[in-house]
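Heads up: the structure comes next, in structure tokens.
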Amino acid sequence: MSEKSSAPPSPAPDTCYLYLLRHGATANNLQKPPHLQGRRADVPLDPVGHRQAEAAGEFLARYRLDAVYTSPLLRTRQTAAAIAHPHALTPVVIDDLIECDVGDWEGRAWPEIEQNDHEAWRLFREDPIVHPYGGGENMAQVEARIEPVFAKLLEQHRGQAITVVAHNVVNRIYLALRLGWPLARCREILQNNAGINLISYRDGKATVLTVNSVFHLPQW
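To convert a position in the sequence shown, counted from 1, into the numbering used here, add 17.
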């Protein structure tokens, strides 16, 4: 059996396939522990992240892609470019796909936040739908801006396959919605840098087929 035969077939006229990716790694992602990285940190991919983006691009080059969409941040645009290039596509920026605003916690690690901003950390951990990242967005606000974007893209691209390159929080929230999970549980959904989720859309319903596939990545 060839490698390509393991791919989903081209979508039927009433179906859209969505490959949803998190961007490749940045220096913040590779810190131990990682540092929070929201919309205020417009940083480039680390060399590791470039390799991850290239690996994702090589993997998806074998499959049909009709359009590539991306958050406006540099790390997603660089990842999207690596995916779009083999298909001679130009990534389209959608502002509302931008990462969550993590406010005053930008560039900080969770252990330090817990210690030095304990009350806000406690409230966020108890109910991130109501209580925001320190001075930033809560998860309900992120849901409100991303859900219409995905709904429009899936309906617009029936009969096609598309890629969206977004972010850890954005992807987790969207996947939780499609899986029927309580939004507060979205933090349980792992999203590796350049991991791939596959969603099928038909008859107004988006179904998650694959979550966080990483087999294409070097040293996953």
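Note that CB positions come from ideal geometry on N, CA and C, so glycine has one too.
Rounded to a whole number of angstroms, what is the C-alpha to C-alpha distance between residue i and residue j?
i	j	result
E129	N185	20 Å
L215	E131	34 Å
L140	Y150	9 Å
A73	L35	14 Å
M18	D31	Annotation note: pLDDT 37 at M18 (below 50); position unreliable, coordinate value reported separately. Using only the alpha carbons, I get a separation of about 28 Å.
E20	T227	Confidence is the limiting factor: at E20 the pLDDT is only 46, short of 50, which leaves the residue's position unreliable and the question unanswerable from this model.
S217	C33	6 Å
A178	T93	19 Å
T43	L62	5 Å
E7	T87	Residue 7 lies beyond the range of the chain shown here (18 to 237); nothing can be said about it.
K49	A29	44 Å
L47	V65	9 Å
A223	I190	14 Å
L53	A101	27 Å
G153	L90	17 Å
A157	D134	22 Å
N229	E136	32 Å
V138	N45	Checking the displayed sequence, the identity of residue 138 turns out to be Trp instead of Val. Rounded to the nearest angstrom, the two C-alpha atoms are 20 Å apart.
Q236	H40	16 Å
V119	V225	27 Å
L196	R142	21 Å
Taking the Cβ atom as the reference point for each residue, do residue i and residue j lie within a distance shorter than 8 Å?
i	j	result
G212	L38	yes
L234	Q69	yes
L170	V181	yes
N155	P145	yes
G162	D113	It is worth fixing the name first, because residue 162 is Arg in this sequence and not Gly. Yes, the pair counts as a contact, with Cβ atoms nearer than the cut-off.
V159	C117	yes
L194	I206	no
Of all the options the options, which has the alpha carbon lying nearest to the alpha carbon of residue i?
i	options	result
R204	N188, R219, R195 and N210	N188
S27	W138, V147, T43 and R79	R79
A98	L114, D112, H67 and Q54	H67
V231	Q48, V159, N209 and V225	N209
P103	G197, E75, R142 and A168	E75
F167	Q236, V119, I115 and G41	I115
| task | Counting only runs of 4+ residues fully inside the region 127-175, write out the alpha helix (DSSP H) ranges in chain order. | result | 127-133, 135-143 and 156-173
| message | Would you call the region 171-185 in contact with the region 82-92, where contact means no fewer than 3 C-beta pairs closer than 8 Å? | response | yes
| query | For the region 112-126 against the region 54-73, are there 3 or more C-beta pairs whose distance is under 8 Å? | reply | yes
| query | Is there contact here, the region 192-210 with the region 101-109, by at least three beta-carbon pairs under 8 Å? | reply | no
| said: Restricting to runs no shorter than 3 residues, where is the beta strand (DSSP E) found entirely within the region 67-109? | reply: 84-87
| task | Would you list, in sequence order, the uninterrupted beta strand (DSSP E) runs of no fewer than 3 residues that lie entirely inside the region 171-221? | result | 178-183 and 213-219
| 3-residue-minimum beta strand (DSSP E) runs that sit fully inside the region 21-62, ordered along the chain | 32-39
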